[in-house]
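Those protein sequences? They're chains B and L, same order as listed.
For the working numbering, add 5 to where a residue sits in the first sequence, where the first one is 1.
For the working numbering, add 1 to where a residue sits in the second sequence, where the first one is 1.
The beta carbon of each residue, even a glycine, is placed where N, CA and C say it ideally should be.
Reviewing the structure listed below.
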Amino acid sequence: MSLDKITNPMHVRHWLGDMEADYIYTLGVAGERFFKEIKENGKIMGAKCPRCNIIYVPPRMYCEKCFAKLEGWVDVGTRGVVHTFTVAKIDVDGKKLQKPEIYALIKFEGACGGLIHKIGETTPEKVKIGMKVDAVFKPSFERKASINDIKHFKPAE
Amino acid sequence: MSEVAIVGVGCVGFQPILPELSYKELMYEAAVKAYDDAGVDPRKDIDVFVTCAEDYLEGFSIFDEFVPDQLGAVLRHLFTVSGDGLLGLANAYMLIKTGHFDTVVLEAHSKASDLLTLMDVIAFALDPVLNRPLGGHPYYVAGMEMNRYLHDTCTTVEQCAQVVVKNKKNACGNPYAAYGANITLDQVLCSDMCFYPLKKLEISTPADGCVVMVLASEKVAEKLTDKPVWVKGVGWCTETPNLETRDWSKAVDTRLAAEMAYKTAKIHNPRKEIDLAEVNDLFAYKELQHMEALKLCAYGEAGKLTEEGVTARNGELPVNPSGGLLGMGYGLEASGTEKLLEVVLQLRGEAGRRQVSNVEVGLAHAWRGIPTTTGIAAVLSNVK
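Spelled out as structure tokens, the structure:
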């Protein structure tokens, strides 16, 4: 019995393969309006369920509680509350990040849901659950109707 | 309606990597062991084969086409469940319950070491428009959930770390475990912070392995074995996939899956009636959160019970005597069958030096990992 065990799969005889898989993801009716408002007006919109009176952020076409079609758009403002957060110290390859990144779920008053985004213009030690944060938008000429049109959220003054 | 029993089990691994075996050979070896254990010939004695796999984890399109030969299932009746092995158990159970089938094979495996970019595949499971453009390691979702869970329940980081100490120690007695270790609470607490408050040693490491089981109806089971393990109930549930609207503190999908399984199994007081539980612990805090969702204790109580040793192998309610995923390794879609294997071995009295004494009813639980909200539970017993 050999005492030398293979511990790196790349040292076994193998065939290296990869999957080429490119997609476009259609935004849909609700997504179209949501990202258009972010891009053109710097507004975060929700969609309201007429039956449950719930405002969904991000907006969608249907209510996940009662299955009704959502009607009516509501501007939920750009100030939210940190529902939870984490400080990521490594990247997707497991390498240490030079600057840790703060990810959070930001909820908006009166709305169900919120946005997953990064928190900037502060240090990890200062971020707390329940703190108020404001959306920081990229300048309008840089916006592409993407979640990254919001640069990050920063602690509210 | 016939009762359903597990009459044979086979396992290869789990190991950090199994470099000498291809995924097909891995499945073949586990299958040979399971058929030998059950005393069946797959070419004539098995009615249906159920395998569990997800294409992106395998590196194949339509992976289900690649599974019959290594299981002895060519030109037989087979389908693949795109989900955890415990969901495969639910399918196998239902097939036999219909009365149309007497013998079903269940298979789930992990060749995680073949997948060079596992975290990219997991990141690819995030919403492509709302979440994926933010980039980053997808386990940030676990860090966020742990933070809110600790905030809402007052569970401490020490209590989470204790889960790691317990499970890795349990794994030392498990020949199927890849990551057994005798470590201290301080070692866990001092390990690298990866996704605050989640630390490196609190994250299960992937492993290679395969579990195959043979299930049978009552009349066939009693002919095949004198140690059948009866499937008393199964349940499954999926919460909203949206990170934005899901519950960040409670595993509500697991709660409803458990209620479904308990109802069939006629379990009214899980804490008293269940003798051992194998609970998903992909991250240390998940074991605690899942114990609460499975009604093994009150919301926010699991950390304290762990600290007091209640969930130790020789405690009042042993949780993850196998070593869990923290000790055995994260077997991707085979994770649930790692749990199931331990419950079967314990209920047969074949768990070696990690055998829990006087066990009659066991619980196996699975969660499909980041970023899913799918929980599956199964109640098993050595008493019909």
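From residue i to residue j, what distance separates their C-alpha atoms?
i: lysine 34 of chain L; j: leucine 225 of chain L; result: 15 Å
i: lysine 233 of chain L; j: leucine 381 of chain L; result: 5 Å
i: lysine 74 of chain B; j: valine 75 of chain L; result: 47 Å
i: leucine 131 of chain L; j: isoleucine 152 of chain B; result: 6 Å
i: alanine 172 of chain L; j: glutamate 279 of chain L; result: 13 Å
i: isoleucine 94 of chain B; j: threonine 312 of chain L; result: The sequence given here has lysine at residue 94 of chain B, not isoleucine. Taking the straight line joining both Cα atoms gives about 31 Å.
i: alanine 294 of chain L; j: proline 319 of chain L; result: 16 Å
i: tyrosine 286 of chain L; j: valine 164 of chain L; result: 8 Å
i: threonine 255 of chain L; j: alanine 365 of chain L; result: 12 Å
i: leucine 19 of chain L; j: alanine 113 of chain L; result: 10 Å
i: valine 141 of chain B; j: glycine 210 of chain L; result: 47 Å
i: serine 192 of chain L; j: phenylalanine 64 of chain L; result: 37 Å
i: valine 384 of chain L; j: glutamate 361 of chain L; result: 7 Å
i: glutamine 103 of chain B; j: arginine 44 of chain L; result: 57 Å
i: serine 111 of chain L; j: proline 207 of chain L; result: 8 Å
i: arginine 148 of chain B; j: isoleucine 275 of chain L; result: 56 Å
i: leucine 289 of chain L; j: aspartate 248 of chain L; result: 16 Å
i: alanine 299 of chain L; j: glutamate 260 of chain L; result: 15 Å
i: lysine 25 of chain L; j: alanine 116 of chain B; result: 50 Å
i: valine 166 of chain L; j: phenylalanine 284 of chain L; result: 13 Å
i: valine 79 of chain B; j: asparagine 148 of chain L; result: 30 Å
i: proline 198 of chain L; j: valine 138 of chain B; result: 21 Å
i: alanine 109 of chain B; j: glycine 119 of chain B; result: 10 Å
Which residues in the same chain as residue i place their Cβ atom closer than 6 Å to its Cβ, once the five residues preceding and following it in sequence are excluded?
i: glycine 325 of chain L; result: Asn168 and Asp282
i: threonine 338 of chain L; result: Gly86, Ala109 and Val212
i: glutamate 351 of chain L; result: none
i: glutamate 126 of chain B; result: Lys159
i: alanine 56 of chain B; result: First, the residue type needs correcting, since residue 56 of chain B is arginine and not alanine in the sequence shown. Cys71 and Ala73.
i: valine 49 of chain L; result: His78, Leu96, Phe102 and Val105
i: alanine 182 of chain L; result: Lys169
i: arginine 369 of chain L; result: Asp85 and Thr375
Check the C-beta distance from residue i over to residue j and give it rounded, since I have them as a contact under 8 Å.
i: alanine 252 of chain L; j: glycine 236 of chain L; result: Contact flag wrong, Cβ pair sits at about 13 Å.
i: glycine 14 of chain L; j: tyrosine 177 of chain L; result: 7 Å
i: alanine 6 of chain L; j: alanine 222 of chain L; result: 4 Å
i: histidine 122 of chain B; j: histidine 157 of chain B; result: 6 Å
i: alanine 179 of chain L; j: methionine 292 of chain L; result: Between methionine 292 of chain L and alanine 179 of chain L the Cβ distance is about 23 Å, and since that is not below 8 Å, they are no contact.
i: isoleucine 49 of chain B; j: phenylalanine 90 of chain B; result: With 8 Å as the limit, isoleucine 49 of chain B and phenylalanine 90 of chain B do not qualify as a contact, their Cβ atoms being about 18 Å apart.
i: methionine 194 of chain L; j: valine 97 of chain B; result: 17 Å between Cβ atoms; not a contact.
Secondary structure at residue i, three-state DSSP: helix, strand or coil?
i: arginine 247 of chain L; result: coil
i: leucine 342 of chain L; result: helix
i: glutamine 356 of chain L; result: coil
i: cysteine 117 of chain B; result: strand
i: alanine 109 of chain L; result: strand
i: valine 164 of chain L; result: helix
i: proline 134 of chain L; result: helix
i: valine 33 of chain L; result: helix
i: alanine 294 of chain L; result: helix
i: phenylalanine 39 of chain B; result: helix
i: aspartate 96 of chain B; result: coil
i: leucine 283 of chain L; result: coil
i: proline 176 of chain L; result: coil
i: glutamate 219 of chain L; result: helix
i: tyrosine 197 of chain L; result: coil
i: alanine 26 of chain B; result: coil
i: methionine 147 of chain L; result: helix
i: proline 319 of chain L; result: coil
i: tyrosine 263 of chain L; result: helix
i: methionine 6 of chain B; result: Per-residue confidence for methionine 6 of chain B stands at a pLDDT of 43, beneath the threshold of 50, marking its modelled position as unreliable; no derived number is given.
i: glutamate 106 of chain B; result: strand
i: leucine 333 of chain L; result: helix
i: methionine 214 of chain L; result: strand
i: serine 382 of chain L; result: strand
i: tyrosine 300 of chain L; result: coil
i: methionine 136 of chain B; result: coil
Of the residues the options, which one's Cα is nearest the Cα of residue i?
i: threonine 81 of chain L; options: L:Asn132, L:Leu96, L:Val51 and L:Leu348; result: L:Val51
i: tyrosine 30 of chain B; options: L:His101, L:Arg133 and L:Leu119; result: L:Arg133
i: leucine 116 of chain L; options: L:Leu333, L:Val142, L:Gly301 and L:Lys385; result: L:Leu333
i: threonine 156 of chain L; options: L:Ala303, L:Ser3 and L:Leu257; result: L:Ala303
i: alanine 217 of chain L; options: L:Asp70, L:Asn92 and L:Ser205; result: L:Asn92
i: lysine 228 of chain L; options: L:Met2, L:Tyr24, L:Ala39 and L:Leu27; result: L:Ala39
i: aspartate 187 of chain L; options: L:Gly301, L:Tyr331 and L:Ala162; result: L:Ala162
Here's a check: name, in chain order, each residue in its chain whose Cβ is nearer than 7 Å to the Cβ of residue i, leaving out the five neighbours to either side.
i: proline 242 of chain L; result: Thr374
i: alanine 314 of chain L; result: Looking at the sequence itself, residue 314 of chain L is arginine, so the reference to alanine does not match. Result list for arginine 314 of chain L: Asn171, Pro322, Arg355 and Val357, in chain order.
i: glycine 174 of chain L; result: Gly353, Arg354 and Arg355
Starting from the C-beta of residue i, find all residues in its chain whose C-beta is less than 8 Å away, skip the five residues before and the five after it, and write them out in chain order.
i: isoleucine 47 of chain L; result: Val41, Gly73, Ala74, Arg77, Thr104, Val105, Val106 and Val215
i: tyrosine 141 of chain L; result: Phe196
Is residue i near the ligand SAM, going by C-beta to nearest heavy atom under 7 Å?
i: methionine 120 of chain L; result: The ligand SAM is not among the ligands present in this structure, which contains no ligands whatsoever.
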